[in-house]
Amino acid sequence: MKSRMDSRTSRSGVSIAITAGLLLAAGVAIAVAPTEETMGVAQRILYIHVSVAWLGLTGFLVMAGCAVAYLFRRNLGWDHWAQSAGELGWVCCTLTLITGSLWARAAWGTWWTWEPRLLTAFILWALYSGYLLIRGLIGDSHHRARLSAVVAILGALDVPLVVMATRWFRGIHPVAPSMEPSMRIALLLSVAALTSLFAILFACRRTQIRIEHLMPQLENQIDRSLNSTARPSPTTMSHV
Amino acid sequence: MTTGLWWMMSKDLLCEISGKRSWPSMMLLGIVVAVVFALQAQLPQEQRNQMCGVLLWVTILFAGLLGIDRSCSSEQDDGCWEALLAYPVSPAAVYWSKLLVNVLSLTLLEILLIPAFGTFAGVRILNPIAAIVPLTFAANFGIAALGTLLSALTNRLGLSGQLLAVLVLPLMIPVILAAAEGTRLIALGRIDEEWWRWFQFLIGFALIFVTVGSILFEFVVEE
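Residue numbers (our numbering), protein chains in the order written: chain H, 1 to 240; chain B, 241 to 463.
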């Protein structure tokens, strides 16, 4: 009883800490970091854009790491971690494309242009979508885990391409723009706060997937025990 | 392993030659798409040279996917996969046999398609031949390495065709772009450092995906 109370208290503590971190990051990005001269207020999109882009890439690497672990261990727990990372990574990747598009409109005057970083980010999004599509098509847990692991590993090979796209190929996407120190602090805070949020959501979603996986087994067990208690015993029959 | 590989390749080639399952349709689709693209590209010479690479490689990809998909879907009937895996060679050897047959299919397609496309579109992509041949060869290995693995995967799911396209196209974009850029530079007569960089990228891509494919194929085909 006491340990359950402790766990609940520590969970609330983590939630409060993450909320405080997000509010602090938002406050620093809006109130402390200066407004950029050329782009104006629109430049503040960068604080979210860079954070979700980093999480989109990390999500894919985590997913591929869990996929490799599943292929070697054949433990469905690893597949649940991979699915959790895949779903959250897809959300982050979608947000990267949306915030990037908003930023591009302000910076380049267009919602979308075909340049290496944008193209490779779009490929990453398509791969996440393909991964989730595959998962939805297979019923058997181990079959699904094995084939989706292969897709995750293949897709992870795209990650270095996304990271290095601005260095290997000529494009207009900024590589590592110079910033005011306060801007840099705001960016680091946003990355840290959103990474913590990602981590907690990652763990929560994994627990949810595990429960979803255990639910049918539990229902079967309940059905079986109900059937065995409902069936009249020979002695009862004789009484009747 | 070499003998086993050779026997499995012979089996696939004999099936193709006797049954004519995918090569004729692949060639026909390639020629039709090339003609349609070439007709649409009624542009000044400079712009045609700039566009020819991407049009050619999109044609090769669409036509090539027909053959690549067939290479594994033909094993679905009558327990052919099970029989193939019972053969005393490693799954990597099965992968290599399918891969090499797919590379051969793509090469045959290109022998027909590249001169035809060059003629229809009025671009000089065969000159110098020493540039286009290694470029196509490296690109073929990249396309076949990925295509073979994903074709096996989608066929194991019983969902070839639509799912193959969904998975293959995003993964193929880098190899198609690199091959298209290399071909564009050939059409512009620029076999320079930039062309060399794209060629190296294609070789790297092919090496990575052939290695990864050889390792992962086992997990795709296992029961």
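Backbone N, C-alpha and C define an ideal beta-carbon position, used for all residues, glycine too.
Buried or exposed: which applies to P34 of chain H, given that a residue is buried once 16 or more other Cβ atoms fall within 10 Å of its Cβ?
Walking along the first sequence from the start, residue 34 of chain H turns up at place 34. Per the 10 Å Cβ criterion, exposed.
Just the C-alpha distance for A446 of chain B and L154 of chain H, rounded to the nearest angstrom, thanks.
Reading the second sequence from its first residue, position 206 is the one you call residue 446 of chain B. Reading the first sequence from its first residue, position 154 is the one you call residue 154 of chain H. For A446 of chain B and L154 of chain H, the distance between alpha carbons rounds to 13 Å.
Could you check what DSSP says for E36 of chain H in three-state terms: helix, strand or coil?
Your numbering for residue 36 of chain H matches position 36 in the first sequence. Three-state DSSP puts E36 of chain H in a strand.
For G270 of chain B, does the count of other Cβ atoms within 10 angstroms reach 16, so buried, or fall short, so exposed?
By 1-based counting over the second sequence, the position of residue 270 of chain B is 30. So G270 of chain B ends up on the buried side.
In chain B, what lies closer than 7 Å to R44 of chain H by C-beta?
Along the first sequence, one-based indexing puts residue 44 of chain H at 44. What R44 of chain H touches in chain B: nothing, since even the nearest Cβ is about 31 Å away.
Skipping 5 residues on each side, what residues in its chain have a beta carbon closer than 7 Å to that of R135 of chain H?
Locating residue 135 of chain H in the first sequence gives position 135, where the first residue counts as 1. The residues are Q83, R144, S148.
Whose Cβ in chain B lies nearer than 7 Å to the Cβ of V151 of chain H?
Within the first sequence, the letter at position 151 stands for residue 151 of chain H. Chain B residues near V151 of chain H: L407.
Tell me whether S190 of chain H, by its Cβ, gets closer than 6 Å to a heavy atom of the ligand SAH.
Questions concerning the ligand SAH fall outside what the structure shown contains, since it holds no ligand whatsoever.
Residue span of the alpha helix (DSSP H) that contains R135 of chain H, given as start and end:
Taking the first sequence and counting its residues from 1, the one referred to as residue 135 of chain H is at position 135. Residues 116-137.
In angstroms with no decimal places, state the Cα-to-Cα distance between E219 of chain H and P331 of chain B.
One-based indexing of the first sequence puts residue 219 of chain H at position 219. One-based indexing of the second sequence puts residue 331 of chain B at position 91. If you take the alpha carbons of E219 of chain H and P331 of chain B, they lie about 39 Å apart.
Does chain B have any CB closer than 7 Å to the CB of I123 of chain H?
The residue given as residue 123 of chain H occupies position 123 in the first sequence. For I123 of chain H, the answer is yes, since a Cβ of chain B falls inside 7 Å of its Cβ.
Residues in the same chain with beta-carbon distance under 8 Å from T248 of chain H, minus the five sequence neighbours each way, listed in chain order, please.
With chain H running from 1 to 240 in the structure shown, residue 248 of chain H is simply not present.
Chain H residues whose Cβ lies nearer than 8 Å to that of L442 of chain B:
Position 202 of the second sequence, counted from the start, is the residue given in the question as residue 442 of chain B. The premise fails here: L442 of chain B is roughly 13 Å from chain H at the closest Cβ pair, so nothing lies under 8 Å.
Which chain B residues are close to S146 of chain H, counting only those with a beta carbon under 9 Å from its beta carbon?
Residue mapping note: residue 146 of chain H aligns to position 146 of the first sequence, counting from 1. One detail in the question is off: residue 146 of chain H reads as Arg in this sequence, not Ser. Chain B residues near R146 of chain H: F459, V460, E462.
Proximal chain H residues relative to R396 of chain B, where beta-carbon distance stays under 8 Å
The sequence position of residue 396 of chain B within the second sequence is 156, counting from 1. Residues of chain H passing the Cβ test: L147.
Any beta carbon of chain B sitting closer than 7 Å to that of R11 of chain H?
Indexing the first sequence from 1 puts residue 11 of chain H at position 11. Not an interface residue.
Taking CB distances under 7 Å as the criterion, tell me whether I413 of chain B reaches chain H.
Along the second sequence, read from residue 1 onward, the residue named residue 413 of chain B stands at position 173. Answer yes: the Cβ-Cβ gap between I413 of chain B and chain H drops below 7 Å somewhere.
Let's test the definition: count the other Cβ atoms within 10 Å of the Cβ of E315 of chain B and tell me whether it reaches 16, buried, or not, exposed.
For the purposes of this step, residue 315 of chain B is taken as the residue at position 75 of the second sequence. Its Cβ being crowded by 16 or more others within 10 Å, E315 of chain B is buried.
Contact with chain B by L97 of chain H, beta-carbon distance below 7 Å:
Residue numbering aside, residue 97 of chain H sits at position 97 when the first sequence is read from its first letter. Chain B, which has no Cβ nearer than 7 Å to the Cβ of L97 of chain H, makes this no.
Using a Cβ-Cβ cutoff of less than 7 Å, which residues in the same chain neighbour A379 of chain B once the five nearest sequence positions on both sides are dropped?
Numbered from its first residue, the second sequence carries residue 379 of chain B at position 139. Closer than 7 Å at Cβ, skipping near neighbours: V415, A419, L442.
Buried or exposed for I16 of chain H, going by 16 or more other Cβ atoms inside 10 Å?
Position 16 of the first sequence, counted from the first residue, corresponds to residue 16 of chain H. Result: exposed.
Proximity winner among B:E421, B:W263, B:V276, relative to V294 of chain B (alpha-carbon distances)
On the second sequence, residue 294 of chain B is found 54 positions in, with the first residue counted as 1. Minimum Cα distance to V294 of chain B is reached at B:E421.
Mapping DSSP to helix, strand and coil, what is K251 of chain B?
Here residue 251 of chain B is taken as the residue at index 11 of the second sequence, counted from 1. Reduced to three states, the DSSP call for K251 of chain B is helix.
Which bits of chain B does V130 of chain H rub up against, with CB to CB less than 7 Å?
For the purposes of this step, residue 130 of chain H is taken as the residue at position 130 of the first sequence. In the sequence as presented, Val is not what sits at residue 130 of chain H; that position holds Gly. V406, L407, P410, listed in chain order.
Taking only beta-carbon atoms, is A156 of chain H less than 7 Å away from chain B?
For the purposes of this step, residue 156 of chain H is identified with residue 156 of the first sequence, where counting begins at 1. Judged by the 7 Å Cβ criterion, A156 of chain H is not in contact with chain B.
Exposure label - V240 of chain H; buried when at least 16 CB within 10 Å:
If you number the first sequence from 1, residue 240 of chain H lands on position 240. Because V240 of chain H sits at a pLDDT of 39, beneath the cut-off of 50, its placement in the model cannot be relied upon, and the point is left open.
Should the region 13-28 of chain H be regarded as contacting the region 76-90 of chain H, the criterion being three or more beta carbon pairs within less than 8 Å?
no
In chain A, what lies closer than 7 Å to A126 of chain H by C-beta?
Among the protein chains in the structure shown, which are H and B, there is no chain A.
Secondary structure of S314 of chain B, DSSP reduced to three states:
One-based indexing of the second sequence puts residue 314 of chain B at position 74. Correct three-state label for S314 of chain B: coil.
Alpha-carbon spacing of F457 of chain B relative to I365 of chain B, whole angstroms:
As a position in the second sequence, residue 457 of chain B is number 217, starting the count at 1. As a position in the second sequence, residue 365 of chain B is number 125, starting the count at 1. Distance between the alpha carbons of F457 of chain B and I365 of chain B: 35 Å.
May I ask you to report which of helix, strand or coil DSSP gives T388 of chain B?
Here residue 388 of chain B refers to the residue found at position 148 when the second sequence is read from its first residue. Note: T388 of chain B maps to helix in three-state DSSP.
By how many angstroms is the C-alpha of T120 of chain H removed from the C-alpha of V68 of chain H?
To locate residue 68 of chain H, count along the first sequence from 1; it is residue 68. To locate residue 120 of chain H, count along the first sequence from 1; it is residue 120. Taking the straight line joining both Cα atoms gives about 23 Å.
For T229 of chain H, count the other beta carbons within 10 Å of its own beta carbon; 16 or more makes it buried, fewer makes it exposed. Which is it?
As a first step, residue 229 of chain H is located in the first sequence; it is residue number 229 there, counting from the start. T229 of chain H should be labelled exposed.
Tell me whether W111 of chain H sits in a helix, a strand or coil according to DSSP, three-state version.
Along the first sequence, one-based indexing puts residue 111 of chain H at 111. Looking at W111 of chain H - three-state DSSP - the assignment turns out to be coil, as it is neither helix nor strand.
Boundaries of the alpha helix (DSSP H) in which H49 of chain H is found, first to last residue
Residue numbering aside, residue 49 of chain H sits at position 49 when the first sequence is read from its first letter. It spans 45-73 - the alpha helix (DSSP H) in which H49 of chain H sits, taken as one unbroken run.
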